[in-house]
DNA sequence: ATTGCGGAAATACAGTGTATCGACATGAGA
DNA sequence: TCTCATGTCGATACACTGTATTTCCGCAAT
C-alpha cells in the first residue's frame, strides 16, 4: 500500500540555477544602492537565495566580480551608432562614460583602477581606435586616445568625489567653503592662501557638466592640433 | 622600614606617547610595503606598541587616517622653489605628483578619491593657483588647473594600474597581449578587434614617462591657447 | 539496493572596523 | 597621607568580511 500525497513530504526545492549574468546584475544593484562597499559576497549570494560559497563556482575572487561589474557597465558606454568624425567619437565616449558614472557612482572608484580586458571593455577601445584609424600614425592615435581617456577619467573621479563630499556635508552650493564646514573658511581666513581665497570667493559657480565639457574641448583641441599638425 | 629596590617591582611602563604624526608615518610605511589594503588599524597600532582602540583618540575613522596619509605625501609634491612661468609650474606639479605616486603606489588608489582639504593639500592648490594668477580671469585659471589635474590624475592612475598588472602576470613587456596571458591574444585573433590588434602589433612600445610627458605637453598646449587666446 | 559522485551548504578561520566595558595610574581635595 | 574622582588605555565584544575546508545529500549508474 502506497502512501497518500499527504504522507509524502514535498521534494526538497532544488537550488536556483545561477550564472555570471545574474550574479553580476545583483552585485551592480547592490552597488547602485549602497556603493561599492555595500557589495559583499554574502549579500550578493543572499539575494540569489544561495550560500556564499556558491559564487566561487563562477568567480574565484571578489576582485573578479568587480571586473565583471566594470565590464558590464561598459556596455552602456558603447555608442549605438557610428560616429561622424573622430572628435565626435572621442567626445561621445567621454560624455557617455560620464553619464554612466553618474548612474553608477561606484564606477568612479573603479575607473582607471585596472586595465579593462573584458569583452565590452575591448569593444569600447576598439570602437574608439577605429574612429581615429588612419588619421595619423598609430602611435599618435594611441597617445591621443590615452590622453583623452586620462582626462575624462580624472575629471569624472573628481566630479563624483565632490558630489559625495557635498552630499556628506549637507547641501553645499560652493565646492569648498561652506562645504567642509568651518575648516576651510577658517583656513582661508588665515590669509595664507590668497590665490585660493580669491578663486573661492570670486570664482563663478559653474555646473559640473559644462566644466567637464569645457576641459574636454580643450583637450580635444590639443589632439586636433597634433593629429593634423605635423603631417600638414 | 622601607623596602629595598629589589623588593619593589619596577613601575609599570608608561605607554609610549602618541601623536598623529607617528601614526600617519607608520601607516604610510605599511602602505609602502604592502599597499593600501595592508593598512589596518590593528597593524598600525601594533607597530606603535599600542592597542587598536588607542588610535581612536587621534582619528575617528579609518577614512580619516587615509586623509591624513594623503595630505602627508602632498608635502612631497610641494615645489621647493618658485617656478619660472605658469607652464613650468603646472608641468612640475604633474611630474612631482607622478614621482610621488611611484614612490607611494597606494597614492594612485586615493588620487582624486576625495577633495584634499588638509594643510599640505591646500598649500599645493595655493601654489598652483598662484602660479597662474593674473594670466587670465579666475574662471579660466581654475578651468586650466582642473583640466591639467584631471589629466595627470587619470594618467598616473592608469600607469600604476598597468604597472601592477604587469607585475601580477610576471614580466610583460607589451602592455596587453602576452601580458594578460592567452586571453587577450585569443581575443585579438578572433578578428573582431582589428583596430586594437593593429595598435597592439604595430604600436611602438614607448616608456611610461615619455608617454606621460607627451600627453601632458598636449594638454599644456591647449591651456596655453586658452590663456592667451581670447584676451589677445 | 548500493555506491560513488558532484555540487551545494554548513562550518571554520583569520582578519577587519568599531563600541563598550573594566581596570588602573594619576592628580585633586581632605 | 589617604581617598576619591577622572580620564585614559587595554581587553573584550560584536557584527562583519573574504575565503578554505569539511560535511552532507540527492541523483545516476551499477
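Chains as they are written, first to last, in the numbering used here: chain A, 0 to 231; chain B, 0 to 231.
The beta-carbon is built from N, C-alpha and C at its ideal position, and this holds for glycine as well.
Checklist entry - Got a sec: is the Cβ-Cβ distance from residue 168 (chain B) to anything in chain A below 7 Å? => result With 7 Å as the cut-off, residue 168 (chain B) does not count as an interface residue toward chain A.
Checklist entry - So residue 52 (chain A) is in the alpha helix (DSSP H); what residue range does that whole segment cover? => result No alpha helix (DSSP H) holds residue 52 (chain A); DSSP gives it neither H nor E.
Checklist entry - Going along chain A in order, which residues have a C-beta closer than 8 Å to the C-beta of residue 113 (chain B)? => result When 8 Å is used as the limit between beta carbons, residue 113 (chain B) is near these residues of chain A: 160, 163, 164, in chain order.
Next on the checklist: Give me the chain A residues within the contact set of residue 106 (chain B), using Cβ-Cβ distance strictly less than 9 Å, ordered along the chain.
Outcome noted: The contacting residues do not exist; residue 106 (chain B) stays about 13 Å from chain A at best.
Next on the checklist: Just checking: is the beta-carbon of residue 125 (chain A) within a distance shorter than 7 Å of some beta-carbon in chain B?
Outcome noted: Closer than 7 Å to the CB of residue 125 (chain A) there is at least one CB belonging to chain B.
Checklist entry - Hey, residue 49 (chain B) and residue 17 (chain B) are a contact pair by Cβ (cut 8 Å); roughly how many whole angstroms apart? => result In this structure, residue 49 (chain B) and residue 17 (chain B) form a Cβ contact; the two beta carbons are roughly 6 Å apart against a cut-off of 8 Å.
Checklist entry - From which residue to which residue does the alpha helix (DSSP H) around residue 82 (chain B) run? => result Residue 82 (chain B) -> no alpha helix (DSSP H), and no H or E assigned at all.
Item to check | residue 200 (chain A) burial status per 10 Å Cβ neighbour count (16 or more: buried) | outcome: Counting the other Cβ atoms within 10 Å of the Cβ of residue 200 (chain A) gives fewer than 16, which makes it exposed.
Checklist entry - Got a sec: is the Cβ-Cβ distance from residue 150 (chain A) to anything in chain B below 7 Å? => result At least one C-beta of chain B is nearer than 7 Å to the C-beta of residue 150 (chain A).
Checklist entry - Which stretch, first to last residue, makes up the alpha helix (DSSP H) that contains residue 29 (chain A)? => result For residue 29 (chain A), the uninterrupted alpha helix (DSSP H) run begins and ends at 19-33, by DSSP.
Next on the checklist: Going by DSSP, what residue range makes up the alpha helix (DSSP H) through residue 125 (chain A)?
Outcome noted: From DSSP, the alpha helix (DSSP H) with residue 125 (chain A) extends over 118-131.
Next on the checklist: Considering just the uninterrupted stretch of the alpha helix (DSSP H) at residue 57 (chain B), what are its terminal residues?
Outcome noted: Here residue 57 (chain B) belongs to no alpha helix (DSSP H), and DSSP marks it neither H nor E.
Checklist entry - How big is the Cα-Cα spacing for residue 231 (chain B) and residue 225 (chain B)? => result Because the pLDDT of residue 231 (chain B) is 47, which lies under 50, any placement of that residue in the model is unreliable, and the number read from its coordinates should be weighed accordingly. Spanning the two alpha carbons is a distance of roughly 10 Å.
Item to check | Buried or exposed by the 16-neighbour rule on C-beta atoms within 10 Å, applied to residue 15 (chain A) | outcome: By the neighbour-count rule (16 or more Cβ atoms within 10 Å), residue 15 (chain A) is not buried but exposed.
Next on the checklist: Tell me whether the segment 104-111 of chain B and the segment 30-38 of chain B touch, counting them as touching only if at least three CB pairs, one residue from each stretch, are closer than 8 Å.
Outcome noted: With a cut-off of 8 Å on Cβ pairs, the segment 104-111 of chain B is in contact with the segment 30-38 of chain B, counting three or more such pairs.
Checklist entry - So does the segment 215-224 of chain A actually touch the segment 77-95 of chain A, counting three or more Cβ pairs closer than 8 Å? => result By the Cβ test, the segment 215-224 of chain A is in contact with the segment 77-95 of chain A, since at least three Cβ pairs between them sit closer than 8 Å.
Checklist entry - Of the choices A:37, A:166, A:192, A:96, whose alpha-carbon is the least far from that of residue 120 (chain A)? => result Of the candidates A:37, A:166, A:192, A:96, the one whose C-alpha sits nearest the C-alpha of residue 120 (chain A) is A:96.
Checklist entry - Hey, quick one: how far does the alpha helix (DSSP H) through residue 211 (chain B) stretch, first residue to last? => result Here the alpha helix (DSSP H) through residue 211 (chain B) covers 207-227.
Checklist entry - With 16 as the cutoff for other CB atoms within 10 Å, does residue 141 (chain A) come out buried or exposed? => result Flag for residue 141 (chain A) reads buried.
Checklist entry - Going along the chain, which residues of its own chain have a beta-carbon closer than 7 Å to the beta-carbon of residue 61 (chain A), five neighbours each way excluded? => result Non-local C-beta neighbours of residue 61 (chain A) in its own chain, meaning closer than 7 Å and more than five positions away in sequence, comprise 40, ordered along the chain.
Next on the checklist: residue 128 (chain B) and residue 198 (chain A) - do their beta-carbons sit closer together than 7 Å?
Outcome noted: In this structure, residue 128 (chain B) lies closer than 7 Å to residue 198 (chain A) by Cβ.
Checklist entry - Is the distance from the Cβ of residue 132 (chain B) to the Cβ of residue 194 (chain A) below 7 Å? => result Yes, Cβ-Cβ distance for residue 132 (chain B) and residue 194 (chain A) is below 7 Å.
Item to check | For residue 77 (chain B) and residue 126 (chain B), believed in contact at Cβ under 8 Å, the rounded distance | outcome: 6 Å between Cβ atoms; contact.
Next on the checklist: Along the segment 62-85 of chain B, where does the CB come closer than 8 Å to a CB of chain A? Name the residues.
Outcome noted: Under the 8 Å Cβ criterion, the segment 62-85 of chain B contributes no residue.
Item to check | Buried or exposed (CB count within 10 angstroms, at least 16 for buried), residue 36 (chain B) | outcome: The residue is exposed, with fewer than 16 neighbouring Cβ atoms inside 10 Å.
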